[in-house]
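Working notes, beginning with the structure itself.
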Amino acid sequence: MNYVKKLVFVILCTLLLAACSEKDNSNASNTGDKSTTESGTASSKNELVIAVNENFISMDPHNTGDTNSSSVQETMLEGLLGFDADGQIIKVLADDYSISEDALVYTFKLKEGVTFHDGEQFNAEAVKANIERIMNDESLRLYSRGFSLISNVEILGDYEIKVTLKEPYGPMITRFGVAKMISPKMIKENSADIPKKPVGTGPYKFVEWVQGDHLTIENFDGYWDGGERVAKITYKPVPENGSRVAMLKAGDAQVIYPVPAQNIDELSNSKGVEVNKVPSTIAHYVSLNTYKKPLDDIKVRQAFNYAVDKDAYLKVVNAGLGLPLDSIIPSKTVYYKQQKMYEHNIEKAKALLAEAGYPDGFDIEIWGNTNSDTMKGMQFIQQQLGQIGVKVEIKSMEEGTLSDEIYGAQTPEDAKLQMWYVSWSAYASDITNATKPLFHSVSFPPNGANTAYYHNTEADQLMDEANSISDVDRQAELYEKLQEIVYQDTPWIFLGVDEVVYGVRSNVSGVQVNPTGGLDVKNAKVE
Amino acid sequence: MTSPTTMQNSQVQNTQKKYSPLKEFWKSFKKQKAALVASIFIVLLIVVAFIGPYIAPYDPFEPNYDALLEGPSASHLAGTDEYGRDIFSRLIVGAKISLMVSFSAVFLGLILGTILGLISGYFGGWIDKIIMRSCDVLFSFPDLLLAIAIVALLGPGINNVIIAVMIFSVPSFARLVRGATLNAKENVYVEAAQSMGASHVRVLWKHIFPETISELIIFVTMRIGTAILAASGLSFLGLGASPEMPEWGVMLSSGRDYLGTSSHVVIMPGIAIFLTVLAFNLIGDGLRDVLDPKIKNN
Chain A
429 MNYVKKLVFV ILCTLLLAAC SEKDNSNASN TGDKSTTESG TASSKNELVI
479 AVNENFISMD PHNTGDTNSS SVQETMLEGL LGFDADGQII KVLADDYSIS
529 EDALVYTFKL KEGVTFHDGE QFNAEAVKAN IERIMNDESL RLYSRGFSLI
579 SNVEILGDYE IKVTLKEPYG PMITRFGVAK MISPKMIKEN SADIPKKPVG
629 TGPYKFVEWV QGDHLTIENF DGYWDGGERV AKITYKPVPE NGSRVAMLKA
679 GDAQVIYPVP AQNIDELSNS KGVEVNKVPS TIAHYVSLNT YKKPLDDIKV
729 RQAFNYAVDK DAYLKVVNAG LGLPLDSIIP SKTVYYKQQK MYEHNIEKAK
779 ALLAEAGYPD GFDIEIWGNT NSDTMKGMQF IQQQLGQIGV KVEIKSMEEG
829 TLSDEIYGAQ TPEDAKLQMW YVSWSAYASD ITNATKPLFH SVSFPPNGAN
879 TAYYHNTEAD QLMDEANSIS DVDRQAELYE KLQEIVYQDT PWIFLGVDEV
929 VYGVRSNVSG VQVNPTGGLD VKNAKVE
Chain B
2 MTSPTTMQNS QVQNTQKKYS PLKEFWKSFK KQKAALVASI FIVLLIVVAF
52 IGPYIAPYDP FEPNYDALLE GPSASHLAGT DEYGRDIFSR LIVGAKISLM
102 VSFSAVFLGL ILGTILGLIS GYFGGWIDKI IMRSCDVLFS FPDLLLAIAI
152 VALLGPGINN VIIAVMIFSV PSFARLVRGA TLNAKENVYV EAAQSMGASH
202 VRVLWKHIFP ETISELIIFV TMRIGTAILA ASGLSFLGLG ASPEMPEWGV
252 MLSSGRDYLG TSSHVVIMPG IAIFLTVLAF NLIGDGLRDV LDPKIKNN
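In order, the protein sequence lines correspond to chains A and B.
For the first sequence, the working numbering begins at 429 and goes up steadily by one.
For the second sequence, the working numbering begins at 2 and goes up steadily by one.
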């Protein structure tokens, strides 16, 4: 009897559970159906589903480090300046701007007739509230990226504002593009909500964000620049590569980003799908510790560069995507100047190694994180250097450990790092960040990412001068020289520059990816 | 476990008809077809493990960037991997690593576990309590999780994988041997030996340990399968063999990015692991049918 009771209880429980899950399912599929039917008929004109690879972290534009979050913000929020498809600076909420010769004073004339999504007016007061929010809050990412150097914000008129720096800071102009404007009312009354539901001036306004599931935005009718847009965009984080690809093929997503390299061929051959590639500002390289033997010898470092076949690198490690890194910065970065590449030449490499006193090679360690692409890259370097007798041991470490090991070293003498397989990305318009943290002697770890411990006084001077002026022609001259010098000194094994790949349904147009990897769908249209 | 009566019987048989245990064993084992096939497979695998580097058609480390991710063909029996290396050659050379890791881990675990189990079962009392409770602690962690924790402590590397797999094998062996020891301790001949003044070591080694062997053999074969899986699993997670090694778990791990496009990169080492583990388990089953007195009695 007892047994029967138990059995009945178990069956009831199971039924109850089943009922619950069914309800959940039907709910889920209902909403799903709705969106698919809508997007199937009148729809597709009005809706866009975008599948991206990672969860969004924060919607606070002043405190965002990940590309996906800033891509979404880009649709809702605007800065005084912004970036075009090539990553170069354009004016957005600023009608005009000027920089003083000493690179200390930035003056902006603002657009008139712009309103925030909550009805607030955009004017000099609003800009001041935003800049002051950043310069007074150390916990915001942008604080330490230039805004802490602001000494004074002065309103010159309703639509004119002047920002003064304590010292010149080259990347400041890029920062004004990154710092998006939030409604001053929100900053004053409700700043805790900024990371969750921001209010800006962009063409789209925030609707809802369900962590880990989706984030929805809709067309803002009162947008100052008018224009026709899709009515609603839903972003879905889909970390699993295969699922993202399947969604695009099935039409459940109209845009996916990024397209996994191994699926490019598959998708290119699929009907109704287009795959697009864009050169990025993500440079892959191996930094060589120039402070310690054996890599302190320039001949050894050059030998490494001759030993590594860059085309094979792109083919093997990057699935055939990308371009060889033929300077110290990617080609999309401003002031880029192509250098004469170290061609693949084993004999020359061996000869250089012998000249340096290592005819039989030596043992060396390469470090990297545990990411499968990094592992692949490190193995590739191991194979390539094996050809000239250099035995490379791969040490892959979890990101946190790796960073402790590298940035834990307080002096170059302490550093145990020999080679680091890594990548770097800076805004295309921000050459300061593409050079100074990597090659300036003030940027030795732990202060910066000069993990090659590269020290060249001339290079230091070039960077210092370029950062303290606003004369564009002179800057170009200085940076050209810098690229020549550093490329010659080979603090890195120069490998490649990524291409970012995104996929869209053929009926979608106007989707762009900028070199930093940001997905721009402000002008997307669906036919 | 072994009851005193059957033991006496077999001892009687032993003296009566020139009984050869090996022959007897072979007679019954022959009937276990699956186990027999599995044993042949394992023997072949061991041979391959020894002569692998000499028979491999290609250098398992030599990349060929013009033949990336090619499917199985006449020139590359199992295709090539993401560096154009011949997968078949890598599997052959990798057999040695996989077998070496699992054998050494299991045998180390066997030795340590057996000693602990004998001591625990024979002496009883607080020694028994300490050993068994420590085993319980180890048992309370899932095998692989414990291994991951150990490797995390020791650092990645194939030797540390051996240690990790060994440590999680020890309690199983200890418990098994302890049970057998408790049974064997009750035998008259043990008492006799003790009353004649035999030392503890002698009683344990000469009279009790032999009683545990048949169960140990079964368990070892089973355990090797588990050990291969665990070692491959650890390597898959990047905690074991270094990434360029042709260890099967490593091959599986580095190939997983190509699951959708060039599945042979994953399937081939997968099959190797699968077959090897299956073979060891089949042998274990067969051995149990032959050796386990409980089953025999039934």
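In this text, a Cβ means the ideal position worked out from N, Cα and C, and glycines have one as well.
Please state if the CB of residue j and the CB of residue i are separated by a distance shorter than 8 Å.
i	j	result
Tyr663 of chain A	Val480 of chain A	yes
Leu521 of chain A	Thr629 of chain A	yes
Glu502 of chain A	Lys950 of chain A	yes
Ile710 of chain A	Ile859 of chain A	no
Gly72 of chain B	Asn691 of chain A	no
Lys556 of chain A	Ile589 of chain A	yes
Phe922 of chain A	Leu780 of chain A	no
Please report the distance separating the alpha-carbon of residue i from that of residue j.
i	j	result
Glu548 of chain A	Pro612 of chain A	8 Å
Tyr882 of chain A	Leu593 of chain A	29 Å
Gly53 of chain B	Pro172 of chain B	34 Å
Ala194 of chain B	Trp206 of chain B	12 Å
Lys130 of chain B	Gly180 of chain B	14 Å
Leu723 of chain A	Trp848 of chain A	12 Å
Ile25 of chain B	Lys31 of chain B	Note that residue 25 of chain B is Glu in the sequence shown, not Ile. Cα to Cα, the separation comes out at about 10 Å.
Thr182 of chain B	Phe51 of chain B	37 Å
Val936 of chain A	Asp948 of chain A	13 Å
Asp286 of chain B	Ile43 of chain B	14 Å
Met167 of chain B	Asp144 of chain B	11 Å
Val178 of chain B	Ser141 of chain B	19 Å
Asn455 of chain A	Ser759 of chain A	Unreliable positioning characterises Asn455 of chain A in this predicted model, as indicated by a pLDDT of 38, which lies under 50. The coordinate reading is nonetheless provided below. Straight-line Cα distance between these residues: approximately 49 Å.
Ile272 of chain B	Leu253 of chain B	10 Å
Ser472 of chain A	Ser708 of chain A	Only weak support exists for where Ser472 of chain A lies, its pLDDT of 49 falling under 50; the value from the coordinates is given anyway. C-alpha separation (whole angstroms): 30 Å.
What is the DSSP secondary structure of residue i, reduced to helix, strand or coil?
i	result
Asn647 of chain A	strand
Arg289 of chain B	helix
Gly250 of chain B	helix
Met847 of chain A	strand
Gly585 of chain A	strand
Gln960 of chain A	This structure cannot settle anything about residue 960 of chain A, because the visible part of chain A is limited to 429 through 955.
Met269 of chain B	helix
Asp494 of chain A	coil
Asp87 of chain B	strand
Pro752 of chain A	strand
Ala731 of chain A	helix
Val673 of chain A	helix
Lys474 of chain A	Checking the sequence, you will find Asn at residue 474 of chain A rather than Lys. The answer is coil: DSSP assigns Asn474 of chain A none of H, G, I, E or B.
Asn704 of chain A	strand
Gly460 of chain A	With a pLDDT of only 38 at Gly460 of chain A, under the threshold of 50, the placement of this residue in the model should not be trusted; the figure read from the coordinates follows. Helix at Gly460 of chain A.
Val202 of chain B	helix
Leu279 of chain B	helix
Glu656 of chain A	coil
Ser263 of chain B	coil
His712 of chain A	strand
Thr538 of chain A	For the record, residue 538 of chain A in the displayed sequence is Leu; it is not Thr. Three-state result, Leu538 of chain A: strand.
Arg603 of chain A	helix
Tyr525 of chain A	strand
Counting Cβ pairs, one atom from each stretch, are 3 or more of them under 8 Å apart for the stretch 235 to 249 of chain B and the stretch 65 to 83 of chain B? no
Give, in chain order, every residue of the stretch 814 to 828 of chain A whose Cβ lies closer than 7 Å to some Cβ of chain B. Ile822 and Ser824
Would you call the stretch 786 to 794 of chain A and the stretch 745 to 759 of chain A in contact, with 3 or more CB pairs under 8 Å? no
Interface residues of the stretch 714 to 736 of chain A facing chain B [CB-CB below 8 Å]: none
Selection of the stretch 245 to 268 of chain B by Cβ proximity to chain A, strictly under 9 Å: Glu245, Ser254, Ser255, Arg257, Asp258, Tyr259, Leu260, Gly261, Thr262 and Ser263
Residues in the stretch 740 to 762 of chain A having any Cβ partner in chain B nearer than 7 Å: Answer set for the stretch 740 to 762 of chain A: Ala740, Lys743 and Val744.
What residues in the stretch 659 to 686 of chain A bring their beta carbon closer than 7 Å to a beta carbon of chain B? Gly670
Contacting positions in the stretch 606 to 630 of chain A - beta carbon closer than 7 Å to chain B: none
Answer yes if the stretch 681 to 698 of chain A comes into contact with the stretch 900 to 918 of chain A, meaning at least three C-beta pairs across the two stretches below 8 Å, and no otherwise. The answer is no - the stretch 681 to 698 of chain A does not touch the stretch 900 to 918 of chain A, with fewer than three Cβ pairs under 8 Å.
Would you list, in chain order, the members of the stretch 684 to 711 of chain A that have their beta-carbon closer than 9 Å to a beta-carbon of chain B? Pro688, Ala689, Gln690, Asn691, Asp693 and Glu694
Looking at C-beta atoms only, is the number of pairs between the stretch 107 to 122 of chain B and the stretch 142 to 162 of chain B that lie closer than 8 Å three or more? At 8 Å Cβ cutoff, the stretches do not touch.
Against chain B, which members of the stretch 875 to 893 of chain A pass a CB distance test of less than 7 Å? Those residues of the stretch 875 to 893 of chain A that come within reach of chain B (Cβ to Cβ, closer than 7 Å) do not exist; the list is empty.
Contact set between the stretch 169 to 189 of chain B and chain A, restricted to residues whose Cβ is under 8 Å from the partner: none
Decide if the stretch 834 to 842 of chain A is in contact with the stretch 866 to 875 of chain A; the criterion is three or more beta carbon pairs, one per stretch, under 8 Å apart. yes
Specify whether the stretch 486 to 500 of chain A and the stretch 607 to 627 of chain A touch according to this definition: at least 3 beta carbon pairs, one from each stretch, less than 8 Å apart. yes
Any chance the stretch 813 to 822 of chain A sits against the stretch 230 to 240 of chain B, with 3 or more Cβ pairs inside 8 Å? no
Using 8 Å as the cut-off, can you tell me whether the stretch 927 to 942 of chain A makes contact with the stretch 695 to 706 of chain A, which would need three or more C-beta pairs spanning the two stretches below that distance? yes
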